[in-house]
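In the working numbering, the protein residues as written are 1 to 185.
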């Protein structure tokens with residue numbers, strides 16, 4: 001009788017211990033999958049001076065882009081995610097065209113759709129500073145996912161010399177590239 005009681009108690013302790021481990025493993029798995037995907041881009045001028053940074057954070061419906069820069073000319077500047085993660089000066093042509101995996105036309109206001117890399121204009125204050133947060137819809141930071149900013153040759157954030165009219169294909173008449181940052185995890 002004592003052996004049977006001891007066996008039952010031992011079995012109960014063992015099963016409780018196993019259940020606790022399974023629960024902890026499940027909690028660990030849930031917390032690992034809820035870690036936010038993030039990336040950054042160090043924004044540089046054409047003469048390789050640091051102008052600031054852009055932070056990228058995965059959201060349910062896209063990627064939140066927060067840009068903080070200084071040393072730019074005052075006014076509105078076209079800003080886009082470009083299709084190649086290279087920022088070689090002086091013209092940043094190595095960044096390629098706008099990120100456009102859906103093969104749409106340029107411009108947030110274009111009735112035929114827009115490049116996924118099209119972002120609102122960056123408004124730079126008289127003192128040359130700008131801070132802006134915007135949602136880049138339809139893109140992701142998940143590697144190997146559809147419309148990922150992190151696949152292949154990577155991507156770059158580019159700031160242009162002029163305001164983007166959000167209609168004219170392919171660049172919105174935004175002019176030359178004055179700043180660039182490679183998006184990196």
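Note that beta-carbon positions come from the ideal geometry of N, C-alpha and C, so glycine has one too.
Looking at residue j and residue i, is the spacing between their C-beta atoms short of 7 angstroms?
i	j	result
residue 84	residue 93	no
residue 127	residue 80	no
residue 41	residue 141	no
residue 121	residue 163	yes
Where does residue i fall in DSSP's three states?
i	result
residue 93	helix
residue 131	strand
residue 163	coil
residue 123	strand
residue 142	coil
residue 87	coil
residue 147	coil
residue 183	coil
residue 76	strand
residue 118	strand
Counting only C-beta atoms, is residue i closer than 7 angstroms to chain D at any point?
i	result
residue 73	The question asks about chain D, but that chain is absent: this structure has only one protein chain.
Note down the Cα distance separating residue i from residue j, rounded to an integer number of angstroms.
i	j	result
residue 175	residue 44	17 angstroms
residue 138	residue 62	5 angstroms
residue 135	residue 65	6 angstroms
residue 160	residue 71	14 angstroms
residue 90	residue 48	9 angstroms
residue 38	residue 173	31 angstroms
residue 125	residue 50	18 angstroms
residue 104	residue 56	23 angstroms
residue 36	residue 183	16 angstroms
Quick one: using the 10 Å Cβ neighbour count with 16 as the cut-off for buried, is residue i buried or exposed?
i	result
residue 100	buried
residue 155	buried
residue 78	buried
residue 181	buried
DSSP beta-bridge partners for residue i?
i	result
residue 68	53 and 131
residue 81	157
residue 41	54
residue 103	None; residue 103 has no bridge partner.
residue 98	82
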